[in-house]
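Per my numbering: the sequence shown = residues 2 to 145.
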Amino acid sequence: MSLTVPPDVLPHRSGPGAALRTPRLLLVEPEDKDRRRFAALLEQAGYGVTPARSAREARRTAAGIPYDAVIIEARLPDACGLALARWFRRYAPATAVILHSAAADWEMYFRAIEAGVRDAVSKLSPAGELLRVVGLYVRPPSAE
């Protein structure tokens with residue numbers, strides 16, 4: 002299944018002081034197929050994407066590089082995605098945390114808000130929805 006970026010959901014630069022660098026996203030997804038698919042979609046939209054398979058890999062990666070946003074699957078092999086969201090809230094509070102899961106329900110959504118998640122999007126949503134949500138917090142310079 003190939004995902005393409007719908008033109009109406011591409012984020013855009015705003016204001017004269019908009020950053021010229023490629024925004025960095027950390028994509029924390031344990032499933033290889035989903036990780037490759039969503040990374041390709043985000044890269045096509047102009048984002049720089051670093052993939053991670055686990056909470057441990059995400060924390061190790063984020064310790065050396067500032068990210069504009071992190072997209073976290075709720076169910077990780079080594080930790081709860083919400084625990085990782087709390088870690089980002091504590092150690093990288095400027096990083097927008099987005100929950101991305103097929104397993105989300107209302108209780109999880111409310112716990113996610115308490116953990117510092119700024120937004121959530123279902124993996125079952127159309128591809129454009131992930132781009133729309135990420136674009137609320139991070140706008141790539143390539144989409145002018």
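Don't be surprised by glycine CBs; every beta carbon is placed ideally from N, CA and C.
Note that this is a predicted model, so its numbers are computed, not measured.
What whole-angstrom Cβ distance do TYR138 and ALA97 have, given they're in contact under 8 Å? 4 Å
Beta-carbon spacing of ILE99, VAL134 below 7 Å: yes
Return the first residue and the last residue of the alpha helix (DSSP H) that LEU77 is part of. Premise fails: LEU77 is in no alpha helix (DSSP H) and is neither H nor E.
Chain-order list of residues whose beta-carbon lies under 7 Å from that of ARG60 (same chain, five-residue window excluded): TRP88
What residue range does the beta strand (DSSP E) around ILE114 cover? Element bounds for ILE114: not the beta strand (DSSP E) but the alpha helix (DSSP H), 107 to 116.
Flag this pair as touching only if the segment 59 to 73 and the segment 24 to 41 have three or more C-beta atom pairs under 8 Å; answer yes or no. yes
Check whether the Cβ of VAL98 sits closer than 6 Å to any heavy atom of the ligand PLP, and report yes or no. Only the bare structure without any ligand can be found here, which leaves the ligand PLP out of the picture.
Alpha carbon to alpha carbon, what distance is there between GLY117 and ALA70? 12 Å
Find the nearest neighbour of ASP106 within the set ALA95, TYR92, VAL122, judged by alpha-carbon distance. VAL122
Endpoints, beta strand (DSSP E) assigned at GLY49: 49 to 53
Considering only residues of the same chain and omitting the five flanking positions on each side of ASP79, which have a CB-CB separation below 7 Å? SER55, ALA56, ARG57
Mind checking who LEU27 pairs with in its DSSP beta bridge? THR51, VAL71
Cβ neighbours of LEU131 in the same chain (closer than 6 Å, five flanking residues each side left out): VAL122
Within a Cβ cutoff of 8 Å, which residues of the same chain sit near ALA53, ignoring the five residues on either side of it in sequence? LEU27, LEU28, VAL29, GLU30, ALA59, THR62
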